[in-house]
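Structure, as structure tokens:
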Amino acid sequence: MIDTPSTPLTGPQGPKPRKSFSRRNIFLYGTLLTIALFYALPLYVMFVTSLKGMPEIRLGNVFSPPLEVTFEPWVKAWSEACTGLTCNGLSTGFWNSVQITIPSVILSIIIASVNGYALSNWKFKGADAFFTILIFGAFIPYQVMLYPIVIMLREIGLYGSLGGLVLVHTVFGMPILTLLFRNYFTSLPEELFKAARVDGAGFWRIYTQVMVPMSLPIFTVAVILQVTGIWNDFLFGVVYTSPDNYPMTVSLNNIVNSTQGVKEYNVNMAATILTGLVPLSIYFVSGRLFVRGIAAGAVKG
Amino acid sequence: MASTRPNQLFRNKSAKIAAIPMIVTALFVFVGGTIWTVVYSFTKSGLLPRLKWVGLDQYERLWATRKWLVSIENLAIYGLCMLVLVFVIGFILAALIDQKIRFEDTIRTVILYPYALSFVVTGLVWQWILNPDFGVQNVVRGWGWESFTFDPLYNADIAIYGVLIAGLWQGSGLVMVLMLAGLRGIDQDVWKASRVDGIPAWKAYIFIIIPMMRPVFVTTLVIVVTGIVKIYDLIVAQTGGGPGIATEVPAKYVYDMMFQANNLGQGFAASTMMLVTVALIVIPWAILEFGGSKRHD
């Protein structure tokens, strides 16, 4: 693709028109198609496996489409699959996850947005020091803080409960969300804040009536980030809740990797899809905002 | 931009009250929790934490435990392969997508969706695909290649590479997106200039574009490495650490010691080692990134 360095800036401008069936295009699209197929394959395998009956699975291969579509594995995964001795399926885990995710997302976003607001508009002495600690905290392996938090939760009587897990998610969501909101609020024109000050509005009034209404996009990004992150969590769920309160990822793992009984691969795959459904739907619906959410993780403060 | 915001407003009480959760998190959980764990790693804590000092005993025992050594070796193999491959794949994908292609959004969506899934889901899907009786091995044998063997999850020697496949599938989309953002940030004039000079595209990437993308690479590196050190759920779901102890990793060692073997001291020592590993990477990065120049944002 070397353009001959002929007389510059004369003649037709813009890139050289390309034939759509050039060798380069066939190579490019061929490669991309192959790669896309590789990435899509597991999702496809999950779906076809979950729609087959066990006899068909034993005979066939994982990639073949189901000859006889059955939704029984889905029903079974949802309400009958066993973890050890209890056979309530994933439904309990699902509702636990809902009960964990909703308050965690709301609480963590409220706290982090107020933090970000305080850090950008109401900076007090030492605020940046705490913020720096917070950001470095994001890099500390969770394993280091696992047990001290067990003790803290036990002290306040929340160990093993959903409330305790909500607190844990709020704490560990704080670094990235605070960074996200701080960066966003500092990018807003300062005049707005000053004008509100002149009009006599205080800390909370400016927050609720000026900042929040202006920041809906960043709140959406934060919600996407948190819902997928908290829904997908496994470690905190298994450490800080009791078996009755296990989130969906933990019950999924217990169902699939339970050693008792005959392995029902179709039920396992149905359960796996069911667990992945919430973050996947969010991902496919939100599109670019999801990308913005993860890119926010890469933005340095 | 951290210039002085209205400093005459000294009624900063509300801001301080509002920042209490952040202060508590930073001081008590992050700093306090870390110090607590490090301190207790020098004690003889078993079922419960006790302040009975034993010096470096826990560490000596840790480094004499086969399971820990295997964990470290696995993390090193997984980490190195993951690091190299995730960057190579991520960058190549980004470079391909950056060729002003059609259906860019569709392709990006397909490559990134695994990143939205949890490690548990990832692990379980790949456990199924790599199942020798029904998965890839069986399919290839069905095509007539009867001796074809591909059973990474059942062969202790290569089991960690089975996990690696799943990890790459899940994580390469993230690197692709970050790299793509970096490539889009490169001025088009750079490309024009290199074309005028007759530099082939691959050379331009290696010698011009990649050096220009240094900040993106560094940030991505930090994200990827901290993610690698934390790897836990993927192992639990995909292999449970098996076959035998072939796919154990440090994070799982910590969990097993703390919550199953009632050997807190070992758990604390192992997690302190994880902390040291991360610190060795993050601190030089932070100094390089934030230490030198004061100009930021």
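Listed in order, the protein sequences are those of chains A and B.
In terms of UniProt numbering, the first sequence opens at residue 1 and continues consecutively.
In terms of UniProt numbering, the second sequence opens at residue 1 and continues consecutively.
For glycine and all other residues, C-beta sits at the position ideal for the given N, C-alpha and C.
The structure presented is a predicted model; accordingly, all values stated were derived computationally and were not measured.
Note down the Cα distance separating Glu155 (chain A) from Pro152 (chain B), rounded to an integer number of angstroms. 45 angstroms
Reference Val105 (chain A); option with closest CA among A:Ser242, A:Arg23, A:Leu165 and A:Ser215: A:Leu165
Might you give, ordered along the chain, the residues of its own chain that have their beta carbon closer than 7 angstroms to the beta carbon of Thr247 (chain B), omitting 5 neighbours on each side? Asn74, Ala159, Ile160, Val163, Ile235, Thr239 and Gly241
Along chain A, which residues have their Cβ under 7 angstroms away from the Cβ of Ile23 (chain B)? Phe130
Using a Cβ-Cβ distance under 8 angstroms, would Met258 (chain B) count as near chain C? Absent from the structure: chain C. Protein chains present are A and B.
Does the count of Cβ pairs from the segment 240-254 of chain A and the segment 28-47 of chain A closer than 8 angstroms reach three? no
Interface residues of the segment 231-243 of chain B facing chain A [CB-CB below 7 angstroms]: Tyr232, Asp233, Val236, Ala237 and Gly240
Start and end residues, alpha helix (DSSP H) containing Lys252 (chain B): Pro250 to Phe259
Per-residue contacts from Thr31 (chain A) into chain B (C-beta, under 7 angstroms): Leu96
Which residue wins for smallest C-alpha separation from Val62 (chain A), given the options B:Phe259, B:Val139 and B:Lys192? B:Val139
Here's the rule: buried if 16 or more other CB atoms are within 10 angstroms of the residue's CB, otherwise exposed. What is Asn262 (chain B)? exposed
Those runs of the alpha helix (DSSP H) which lie wholly inside the segment 9-73 of chain B and span at least 4 residues: 13-18, 20-24, 33-40 and 57-63
I'd like to know if Tyr265 (chain A) contacts chain B, where contact means its C-beta is closer than 8 angstroms to some C-beta of that chain. yes
Residues bridged to Gly160 (chain A) by DSSP? A:Thr241
Does Thr276 (chain A) get closer than 8 angstroms to chain B when you measure Cβ to Cβ? What sits at residue 276 (chain A) in the sequence shown is Gly, not Thr. Judged by the 8 angstroms Cβ criterion, Gly276 (chain A) is in contact with chain B.
Burial state of Val254 (chain B) (16 or more Cβ within 10 Å): buried
Please determine if the segment 265-280 of chain B and the segment 48-61 of chain B are in contact, where contact requires at least 3 C-beta pairs separated by less than 8 angstroms. yes
Which of helix, strand or coil does DSSP assign to residue 298 (chain B)? Because residue 298 (chain B) is not part of the residues shown, which for chain B are 1 to 297, the question remains open.
Chain B beta carbons: is any one of them nearer than 8 angstroms to that of Met54 (chain A)? no
Excluding sequence positions up to five away, which residues of its chain have a Cβ less than 6 angstroms from the Cβ of Phe119 (chain B)? Asp233 and Leu234
What are the complete alpha helix (DSSP H) segments, minimum 4 residues, inside the segment 119-171 of chain B? 119-129 and 136-142
Do you know how far the Cα of Thr101 (chain A) is from the Cα of Val114 (chain B)? Correcting the residue identity first, residue 114 (chain B) is Pro in this sequence and not Val. Their Cα atoms are separated by approximately 20 angstroms.
I'd like the ranges of any alpha helix (DSSP H) spanning at least 4 consecutive residues and lying wholly in the segment 103-139 of chain A. 127-137
Please tell me whether Trp95 (chain A) has its Cβ less than 8 angstroms away from any Cβ of chain B. no
Flag Trp78 (chain A) as yes if its beta-carbon sits less than 8 angstroms from any beta-carbon of chain B, otherwise no. no
Compare the C-beta of Ile101 (chain B) with all C-beta atoms of chain A and state if any pair is closer than 8 angstroms. yes
Local Cβ density within 10 Å of Leu44 (chain A), reported as buried at 16 or more and exposed below that: The question names Leu, but residue 44 (chain A) is Tyr in the sequence shown. Under this definition Tyr44 (chain A) is an exposed residue.
Pair within 8 angstroms by beta-carbon distance, Ala68 (chain B) and Ala193 (chain B): A quick correction: the sequence has Trp, not Ala, at residue 68 (chain B). Not closer than 8 angstroms, so no.
Grab the span of the alpha helix (DSSP H) containing Pro279 (chain A) for me, first residue to last. Tyr265 to Ser286
Is it a yes or a no for the segment 135-144 of chain A touching the segment 69-87 of chain A, going by three-plus beta-carbon pairs under 8 angstroms? no
According to DSSP, is Thr83 (chain A) helix, strand or coil? strand
Hey, how far is the Cα of Thr49 (chain A) from the Cα of Phe181 (chain A)? 42 angstroms
Give the range of the alpha helix (DSSP H) segment to which Asn232 (chain A) is assigned. Leu216 to Asn232
Run through DSSP, which three-state label would Val45 (chain A) get? helix
Can you give me the C-alpha to C-alpha distance between Asn257 (chain A) and Phe30 (chain B), rounded to a whole angstrom? 33 angstroms
Along chain A, in chain order, which residues have C-beta atoms closer than 8 angstroms to that of Leu174 (chain B)? Ile294
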